[in-house]
Structures are given as C-alpha cells and as structure tokens.
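Enquirer: Residue numbers (the working numbering): 1 to 822.
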RNA sequence: GCCCGGGUGGCGGAAUUGGUAGACGCAGCGGACUUAAAAUCCGCCGGCCGCGAGGCCGUGCCGGUUCAAGUCCGGCCCCGGGCACCA
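#1: DSSP state of residue 9, grouped into three classes?
#2: Answer with buried or exposed for residue 435, where buried requires no fewer than 16 other C-beta atoms within 10 angstroms of its C-beta.
#3: When you compare only the Cα positions, how much space is there between residue 68 and residue 722?
#4: In this structure, how does DSSP classify residue 631 when only helix, strand and coil are distinguished?
#5: Using 8 Å for Cβ pairs, my map puts residue 833 next to residue 431. What's the rounded Cβ distance?
#6: With H, G and I counted as helix, E and B as strand and the rest as coil, what does DSSP make of residue 384?
#7: Is it right to say residue 728 is buried, meaning 16 or more other beta carbons lie within 10 angstroms of its own, or is it exposed?
#8: Sort 630, 185, 706 by Cα distance to residue 652 and report the nearest one.
#9: Could you please give the first and the last residue of the uninterrupted alpha helix (DSSP H) stretch that includes residue 525?
#10: Could you name the residues of the same chain whose beta carbon sits closer than 6 Å to that of residue 607, not counting the 5 residues immediately before and after it, in chain order?
#11: By the three-class DSSP mapping on this structure, what secondary structure does residue 582 have?
#12: With DSSP as the reference, label residue 571 as helix, strand or coil.
#13: Return helix, strand or coil for residue 418, following the three-state DSSP convention.
#14: Between 812, 818, 629, which has its C-alpha nearest residue 12's C-alpha?
#15: Would you identify the three-state DSSP class for residue 328, choosing helix, strand or coil?
#16: Please confirm if the region 352-370 is in contact with the region 216-226, defined as three or more CB-CB distances below 8 Å between the two stretches.
#17: Do you know how far the Cα of residue 713 is from the Cα of residue 695?
#18: DSSP three-state label for residue 431, please.
#19: From what residue to what residue does the beta strand (DSSP E) around residue 40 run?
#20: Have a look at 234, 447, 23 and flag the residue whose alpha-carbon is nearest the alpha-carbon of residue 415.
#21: Taking the alpha-carbon positions, what's the residue 249 to residue 541 distance?
#22: Could you pull out every residue in the same chain whose Cβ sits closer than 7 Å to the Cβ of residue 805, ignoring the five residues on either side in sequence?
#23: Take the Cβ of residue 389 as the centre, count every other Cβ of all protein chains shown within 10 Å, and call the residue buried at 16 or more, exposed below.
#24: Give me, in chain order, the residues of the same chain whose beta-carbon lies closer than 8 Å to that of residue 241; leave out the 5 immediate sequence neighbours on both sides.
#25: Residues in the same chain with beta-carbon distance under 8 Å from residue 318, minus the five sequence neighbours each way, listed in chain order, please.
#26: So, is residue 418 buried or exposed, given that buried needs 16 or more other C-beta atoms within 10 angstroms?
#27: With a Cβ-Cβ cutoff of 8 Å, do residue 751 and residue 710 count as a contact?
#28: What would DSSP say about residue 745, mapped onto helix, strand or coil?
#29: Do residue 581 and residue 55 have their beta-carbon atoms positioned less than 8 Å apart in this structure?
#30: Whose CA, out of 74, 92, 106, lies closest to the CA of residue 85?
#31: Could you name each continuous alpha helix (DSSP H) segment of 4 residues or more that falls completely within the region 538-570, going from the start of the chain to the end?
#32: Let me check understanding here. Comparing Cα to Cα, which of 140, 656, 471 lies closest to residue 700?
#33: Identify the residues that DSSP records as bridge partners of residue 576: which are they?
#34: Looking at the structure shown, is residue 239 part of a helix, part of a strand, or coil, going by DSSP?
#35: For residue 764, which option in 399, 93, 741, 816 has the closest C-alpha, if you only look at C-alpha atoms?
#36: Which class does residue 124 belong to by DSSP, given the choice of helix, strand or coil?
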C-alpha cells in the first residue's frame with residue numbers, strides 16, 4: 001500500500017484542504033434569518049489589519065469558533081461574522097516608512113489576513129464581511145453623528161492635546177515617550193483645540209444601572225466599568241474669593257467642611273491663570289504643569305507639588321480666610337477643577353499639607369469614641385463631627401443633610417451627582433479616519449452635512465508626508481458650499497476616533513448590504529450578540545463605547561436592543577517565555593508557519609488545551625508538538641478501529657460498564673465545560689482521558705473481539721469525533737467519514753449524557769482525623785451516614801491516630817469524607 | 001498614583017459550592033521494540049524521612065476564622081492589564 005492511498009497516514013495539509021473545499025462548496029457557514037429557529041450570534045472582536053495574524057488573533061478566533069461550532073451542533077441558527085477595524089494610526093506610520101498610501105497598505109493587509117483566517121477553517125459567514133474604512137460603512141456613522149448633533153448629543157468644546165512644537169503635529173499618548181516626541185525627542189506641550197464630543201455623560205446612569213443586568217459578564221469587567229463611570233453624590237459649594245469670581249468646589253465629604261484649611265485649583269483653572277498674570281514665578285509653575293502630557297497616569301504619578309496663588313478665599317460657614325493654591329494633582333477634567341482640602345481626613349490633602357506646612361484640623365472622630373491618630377496619615381473613615389460648631393455630634397448622613405440644606409437655603413451650593421466619566425472626545429487631527437461630516441460657514445456657523453450629501457468621502461489616493469493630514473494640507477478638499485445659505489464654506493478636516501467604527505460594527509453585520517439605512521429588521525433578529533469574545537485590554541473603553549452606541553442607535557429609533565453583548569468572555573494575553581509576545585523582545589511566534597507544519601487543527605487544539613481562555617496563555621513549541629502527537633494518535637486509532645473484526649471470543653462486562661460510565665461522564669463534563677464554564681482546557685483534558693481509555697481498549701482487544709465490545713468501541717469513537725468537532729473540525733470531519741457517516745459532522749447532533757449511565761456503585765471515602773488524611777476506603781455509593789462513620793472508625797490506621805483520645809465530634813459529608821475530631 | 005486581575009511541582013495548568021492538592025499535558029528519568037535512529041509502547045516523576053507500612057512538610061509572605069483553607073477575612077510583597085489620542 002502506498003502512502004497516497006493509505007488513509008491511516010495522517011496528512012493534515014491534505015485533509016484540511018479537502019474538508020475546507022467541502023465546506024465552501026456547500027457554502028455551509030452562510031446564514032439567513034429564520035424566525036422558526038433559535039438564533040445564536042457568536043462574535044469575536046474584529047482585528048485591526050496590521051499586516052498579518054498574530055497569536056492573539058489565533059487564540060481569540062479559535063475561542064469563538066469553538067463556541068460557534070458547538071452551538072451549531074446544539075441546533076442553533078449560528079451567525080459568526082468577520083470584518084476589519086481598518087482605520088488607525090499604524091497605517092499612517094507604515095505610509096511614512098514605506099511611502100505607500102494608508103489605504104493601499106490597509107487593503108493589501110486585509111487580503112493577506114483574510115487568506116490566513118481562512119486557512120484556520122473558522123466557520124465565518126464571509127458574505128457579511130465589513131470593512132470600516134469603506135464609505136459604504138462609515139457613511140452611516142456620519143449619518144448617525146449628524147442625528148446626534150441635531151439632538152444636542154454632539155457638541156464642540158476646547159480640549160487639550162499633546163503637541164510637538166517642532167513637528168507641528170498632534171501626538172497620541174502612545175507617541176509620547178517620557179514626555180518627549182517619539183520622532184524628534186522634543187519636549188511635548190499641551191495645546192488647546194476646539195474638538196467634537198459626544199455626551200456619554202447623559203447616559204452615565206443608564207450605563208451604570210444596566211451593568212447589574214449583565215450577569216453573564218465577568219464580574220471584574222463590570223466592576224471596572226462601575227469604577228470608570230464613578231458615580232458619586234456630593235455637594236457643589238461656593239467659596240467667595242477676594243477680588244475674583246467665587247470658586248466652586250465639588251466634595252463627597254461635606255461632613256468635613258469645617259476641617260478645610262486650604263483650597264487647591266488645577267493649573268488650567270482660570271483663577272490660576274488670573275493670579276499668574278502678575279507673578280512670574282507662579283506663571284512659571286503653571287507653565288511647567290501644563291507641559292505634562294495629557295495622559296492621566298502621567299499626571300497622577302507626579303510628585304505632588306503646589307504653589308500659593310497669593311489669593312484668599314472665605315470659608316462659607318466660619319468666615320475664616322483660607323489660602324488658595326495651585327496644585328498639580330488637581331485635574332481640570334474632574335468636578336470643577338478645584339477642590340477643598342481637608343488634610344485631617346484625606347490622605348492626599350494630608351501629604352500635601354505636611355509638605356507645605358499647611359494647617360491640619362481634625363473635625364471627625366470615630367463613632368465609638370476614642371481619639372484619631374494623625375501622626376502618620378489622615379483618618380479617612382466616616383464618623384461623628386467635632387470642632388464643627390453647630391454641626392458637632394452629627395454623623396455623616398446627618399451632616400450631609402444639614403450642610404446641604406444650609407447651602408441650598410442661601411443659594412451658595414447644591415446637591416450634585418458627579419461622574420468620573422467624561423464626555424467622549426471623538427475628534428482626531430489625523431488623516432486615516434472617517435471625516436467628521438460638518439461644515440463651517442462664516443454666515444450660518446456649524447452646519448451638518450445633509451443626508452443626501454453623505455458620505456463625506458476620505459480621498460484614498462494621497463501622498464502621505466507624515467506631518468499633517470492630507471485633507472488638512474490640501475487647499476481644495478475642504479472647500480464646499482454651505483448647505484443652508486449656498487455660500488462658500490469649509491469642511492471639518494478632523495476625523496473620527498477609530499473607537500467610533502468599532503462601536504456599532506456588531507449590529508451592522510446583520511445587514512451589511514443595506515445602502516438605504518444604518519440598520520434594518522435583520523438586526524432585530526440577530527441582536528444582541530449572544531457571545532462576545534476579545535482581549536481583556538478592551539474591558540473599559542471599547543465595551544463602554546459600544547454599549548453607549550447601542551443606546552444611541554436605540555434612541556434614534558434604529559433598534560429596540562439596549563445592550564449589545566449578552567455574554568462576554570475576555571481572553572488573556574498570549575505569552576512566550578513568561579512575557580508578552582512583542583517585536584521588541586524578539587519572542588513573537590508567527591501562527592502561519594505553525595499551521596504549515598502541523599495543520600490548523602493541531603494549532604487550534606494546543607491553544608485551547610493549555611490554559612483557560614481568561615488567563616494568559618503561554619506558547620510552547622513542545623506543547624504544540626504534544627498536541628500534534630495526540631491528533632495523529634486519534635487518527636490512527638480511529639482508522640484501526642474500523643478494521644476491528646467481530647469474533648466469537650470472551651468479553652468482559654465489567655470493562656464495558658467502566659467504559660460506558662466514563663463515556664457518559666465525559667459527555668457531561670465536556671458539555672458543561674464548553675457551554676457553562678467556557679474552560680476549554682479542562683474539556684480537552686477530559687476528552688484526552690476518554691481517548692486514552694479508548695486507545696487502551698483497542699490495544700487490549702487486538703484484531704478481533706466480541707460483538708458487544710466492537711459495538712461499544714465504535715460508539716465511543718463516534719462520540720469522540722463529535723465532541724472533538726469544535727476543536728479540530730477538519731480532522732473530525734474526515735474521521736466522521738472514515739467511520740462511515742455521510743454529510744457533515746457539524747450538522748450531527750451533539751451527544752447527550754445519560755444520567756443513569758453515570759451512576760457509580762462504589763465510591764472512595766476519605767477519612768481524616770483532625771483534618772488530616774488517614775485512610776481511603778471503598779464504600780457503597782448509597783451508604784448512609786452511620787455506615788460511613790462505622791466504616792471510617794473501623795480502619796486500623798484511623799484507630800492508630802485516635803489512640804487513647806476521646807472522639808469529640810464526627811463530621812460526615814456523604815459521598816466525600818469523614819472527619820473525626822479527637 | 002488610582003481601578004481590575006494573577007501568584008499552586010522542573011514547566012503550562014487541574015482542584016466548579018470551604019471537604020482527597022498536583023487531573024490533563026510538556027520536559028526529564030528508566031525500560032521495551034530496532035543493526036541503529038526516528039516513530040511507537042510501558043513504567044516512574046513536589047520535597048524530606050523510612051526496607052516497608054507509613055510519617056512530616058508543602059499552593060508568594062505574615063496573621064486570623066473553621067472540624068477542615070489553594071479556596072473565606074485582615075495586612076504586605078511581586079507580576080500583568082487599564083487610565084480616556086495604541087487598537
């Protein structure tokens with residue numbers, strides 16, 4: 001027999017090519033809306049087309065494919081689409097480096113990566129492919145934006161960006177290294193620009209409240225989003241300032257009001273600017289603060305510094321004069337950009353006061369009496385007010401209420417709900433993004449582009465110089481006429497944040513071909529996404545923006561769906577040698593050669609088997625080798641099984657019963673691991689155990705066996721092939737055929753466990769004395785507590801440890817253990 | 001700095017609701033087959049003590065709750081993710 005015709009030789013390349021041809025001939029991943037069938041929408045975060053697939057993609061998309069293929073076998077109408085998050089900075093960087101237009105670079109990457117994805121055998125409906133840099137896609141984003149503008153949900157305000165004074169360009173946080181420009185090493189400045197914002201804060205309460213209903217999201221993600229939104233209840237209070245407008249501060253601790261010993265404002269606060277006007281050293285300090293890059297992490301890690309403004313404010317209750325300082329830890333973006341400082345009861349205020357010799361005045365004592373210790377830090381608990389005049393003796397709630405009422409009555413303060421969440425700045429001063437569809441008219445002001453004139457198309461055939469966006473430098477692109485008055489006017493030349501495109505693509509997959517509306521009835525059939533999978537690094541921004549967009553689309557009447565993702569799985573990082581794969585570290589493993597060498601199934605199996613999806617995953621060359629060994633072994637054994645002859649020989653009913661039990665316990669565990677727990681690594685471990693048992697059985701039976709044994713072994717392999725389908729779909733399909741079946745294994749029903757077959761007659765009983773393991777006994781599975789206790793006490797080693805001591809207590813956990821306390 | 005995770009053999013990990021620590025795999029070691037190698041198959045595999053039965057120790061560190069703690073609570077250390085213009 002030559003190798004070509006010997007099916008027992010495992011040739012992944014040949015098998016996978018043939019099976020993929022079979023799938024594409026039958027077009028079996030294309031789906032349509034079918035109200036008669038229950039739908040399942042399985043989605044992975046779409047990739048940025050950076051060049052070629054990396055292991056993070058391979059892992060992500062295999063996870064999704066396992067779920068999609070499993071659900072299909074459970075009878076669902078499964079949609080699994082794929083597309084491209086195609087706008088972004090890397091295309092501009094590549095354009096500078098290789099002198100190729102961003103569009104061309106992006107499209108050629110997409111073509112390459114599509115081929116790579118197809119080689120993996122993912123069950124995608126490619127007819128729904130979406131590419132965000134195409135006008136037919138971003139057109140609807142522009143359309144929605146003009147609706148939002150009309151509703152007052154999109155507006156302009158001045159906000160800071162990182163600015164390189166040498167390159168004369170805006171820098172992303174990523175392009176700032178140690179406060180310097182990554183290209184020319186110039187110290188980065190802040191620059192104030194008028195930019196577009198979306199009022200996500202209008203939706204803060206709903207975004208927060210709905211988190212409670214997202215019970216199938218990881219608790220960590222929900223907690224991070226809650227903290228990010230950061231709802232707090234407090235008071236906004238007014239402090240009179242000599243010679244200036246009153247200063248507004250926001251506080252969540254009005255109970256500490258009488259302990260305020262200074263006020264602090266942000267460097268960007270108008271009062272700081274006013275004070276700096278005639279104080280050069282103060283101006284220098286304010287200027288220095290403004291040089292810090294825009295990123296919050298950069299500001300928060302600075303040494304806490306400040307300087308007096310030489311201005312005094314009046315305490316609104318006591319009338320005392322208190323100093324006002326400018327401090328680098330006060331954020332202009334949060335609250336009012338000014339804070340009241342209570343060093344005795346706030347740690348940051350304490351450290352600052354200690355450093356600058358400011359007064360520390362305790363005004364809260366513990367509810368249970370006793371003194372607070374301020375020798376090495378603030379006392380930040382809630383308690384009872386002291387040294388607070390008329391408010392003495394009140395607790396937190398009482399003081400909050402009394403002080404709030406006082407300020408409400410005299411009109412110098414109000415209760416206020418505040419959010420840490422800020423409105424979403426969507427303007428980017430870059431070229432490779434969707435143009436913001438607005439027009440500036442000297443006469444009419446800001447005018448949205450009318451629906452009939454959409455999309456505002458980004459020119460793709462451009463010379464990209466690197467510094468300055470081509471649509472900003474081109475004198476003609478921006479020229480247009482005002483839709484309102486018909487006079488010459490200019491287009492907005494900023495483009496959208498790329499998070500805009502990724503905030504609604506999941507809904508567009510339902511109707512990617514609709515050229516008359518953003519969404520249609522098909523999205524009501526498919527949405528929401530039943531299972532969403534992607535990197536944990538998106539836990540806050542992308543997922544929050546997507547939730548926000550879904551609500552925006554609902555509120556303009558496009559859909560009824562309020563939340564886009566019913567169930568969420570956040571996958572961990574892919575590591576090599578204990579660290580994240582990166583070009584810098586030179587430890588990147590390219591999936592492509594791995595597939596060429598071992599086949600897609602082996603790579604998929606290994607990536608699913610070595611770690612649970614939400615944990616980081618460590619690539620190991622030896623590990624993938626092991627996975628390959630297993631697939632080969634499965635193949636060989638299944639082939640050999642088909643040659644097993646029936647003979648009139650003895651058979652062992654006990655062995656058969658054991659295998660039968662293991663078979664059903666495995667079906668049960670694998671089903672639960674995939675469906676509920678999503679721990680594919682333990683599902684595969686269980687499948688390997690069943691496989692190993694089947695292999696041993698096959699070896700033990702030899703060339704011929706009793707009819708009952710042959711039937712059972714055949715059944716076992718049938719089940720294995722189906723349970724393995726989500727993980728190694730090509731091999732599974734080929735073996736399905738070798739086992740004599742027609743059609744597609746993924747259209748075969750998922751095996752179901754028979755609870756009766758899982759019942760054990762005997763169990764192992766663990767016996768402890770004082771919590772330490774002293775014996776393992778085999779007992780009847782249905783033995784009662786008394787019988788278990790008797791059996792435990794009857795063991796010699798147990799008796800040895802009880803010795804002369806009196807038995808004080810016996811804990812019996814049926815089916816598990818007996819613990820004897822002496 | 002703030003928010004969220006994680007830390008278990010030589011390695012990746014398992015232990016699902018507080019109840020047998022180390023499933024499954026990788027590496028290693030020993031053996032079988034072979035002229036040989038590869039492939040394959042069998043056995044061993046946390047540390048220490050013991051001929052053995054078995055015993056002691058052991059889940060980042062310190063302390064606590066409990067009959068019982070990898071799991072719960074308090075305090076630390078280290079690593080990773082996010083911090084609004086990376087995607």
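All C-beta atoms, glycine included, are put in the ideal place defined by N, C-alpha and C.
Expert: From the atom records:
#1: Taking the first chain and counting its residues from 1, the one referred to as residue 9 is at position 9. Residue 9 falls in the coil class under three-state DSSP.
#2: Against the first chain, residue 435 aligns to sequence position 435. Classification of residue 435: buried, given that the 10 Å Cβ count is 16 or more.
#3: As a first step, residue 68 is located in the first chain; it is residue number 68 there, counting from the start. As a first step, residue 722 is located in the first chain; it is residue number 722 there, counting from the start. The alpha-carbon atoms of residue 68 and residue 722 are separated by roughly 14 Å.
#4: Start at 1 with the first residue of the first chain, and residue 631 comes out as number 631. Looking at residue 631 - three-state DSSP - the assignment turns out to be helix.
#5: Examination of residue 833 is not possible in this model, given that the chain is present from 1 through 822 alone.
#6: For this step, residue 384 is matched to residue 384 along the first chain. If DSSP states are grouped into helix, strand and coil, residue 384 belongs with the strands.
#7: For this step, residue 728 is matched to residue 728 along the first chain. Its Cβ being crowded by 16 or more others within 10 Å, residue 728 is buried.
#8: The count along the first chain starts at 1 and reaches residue 652 at position 652. Selected option, being the one with the closest Cα: 706.
#9: As a working note, residue 525 is residue 525 in the first chain. Its alpha helix (DSSP H) spans residues 521-526.
#10: Within the first chain, residue 607 is the residue found at index 607, counting from 1. 59, 62.
#11: Translated into the one-based positions of the first chain, residue 582 becomes position 582. Annotated three-state conformation of residue 582 is coil, per DSSP.
#12: Translated into positions along the first chain, residue 571 becomes position 571. Note: residue 571 maps to strand in three-state DSSP.
#13: Mapped onto the first chain, residue 418 falls at position 418. Strand at residue 418.
#14: Within the first chain, numbered from 1, the residue matching residue 12 stands at position 12. The option with the nearest alpha carbon to residue 12 is 629.
#15: Stepping through the first chain from its first residue, residue 328 is reached at position 328. The answer is coil: DSSP assigns residue 328 none of H, G, I, E or B.
#16: no
#17: Walking along the first chain from the start, residue 695 turns up at place 695. Walking along the first chain from the start, residue 713 turns up at place 713. Take the alpha-carbon of residue 695 and the one of residue 713: they are about 10 Å apart.
#18: The residue labelled residue 431 in the question sits at position 431 within the first chain. Coil, per DSSP.
#19: As a working mapping, residue 40 is identified with position 40 in the first chain. Residue 40 -> beta strand (DSSP E) spans 39-44.
#20: As a working note, residue 415 is residue 415 in the first chain. Looking at the Cα atoms, 234 is the closest of the given residues.
#21: To locate residue 249, count along the first chain from 1; it is residue 249. To locate residue 541, count along the first chain from 1; it is residue 541. Rounded to the nearest angstrom, the two C-alpha atoms are 28 Å apart.
#22: Within the first chain, numbered from 1, the residue matching residue 805 stands at position 805. Here the set comprises 822.
#23: Position 389 of the first chain, counting from 1, holds the residue named residue 389. The residue in question, residue 389, is exposed, as its Cβ has fewer than 16 Cβ neighbours within 10 Å.
#24: What you label residue 241 is simply residue 241 of the first chain in a count that begins at 1. Taken in chain order, the residues that qualify are 247, 271, 311, 312, 313, 314, 324.
#25: Residue 318 sits at position 318 when you count from the first residue of the first chain. Counting only Cβ-Cβ distances below 8 Å, and skipping sequence neighbours, we find 258, 389.
#26: Looking up residue 418 in the first chain gives position 418. Buried: at least 16 other Cβ atoms inside 10 Å.
#27: On the first chain, residue 751 is found 751 positions in, with the first residue counted as 1. On the first chain, residue 710 is found 710 positions in, with the first residue counted as 1. The answer is no: Cβ separation not under 8 Å.
#28: Counted from its first residue, the first chain places residue 745 at position 745. Helix, per DSSP.
#29: Within the first chain, numbered from 1, the residue matching residue 55 stands at position 55. Within the first chain, numbered from 1, the residue matching residue 581 stands at position 581. Against a cut-off of 8 Å, the Cβ pair of residue 581 and residue 55 comes out as a contact.
#30: Locating residue 85 in the first chain gives position 85, where the first residue counts as 1. Comparing Cα positions, the closest option is 106.
#31: 541-555
#32: Along the first chain, read from residue 1 onward, the residue named residue 700 stands at position 700. It is 656.
#33: Counting from 1 along the first chain, the entry for residue 576 is found at position 576. Paired residues: 579.
#34: Translated into positions along the first chain, residue 239 becomes position 239. Residue 239 falls in the strand class under three-state DSSP.
#35: Counting from 1 along the first chain, the entry for residue 764 is found at position 764. Ranking the options by Cα distance to residue 764, first place goes to 816.
#36: As a first step, residue 124 must be located in the first chain, where it is residue number 124. In this structure, residue 124 counts as coil in the three-state DSSP scheme.
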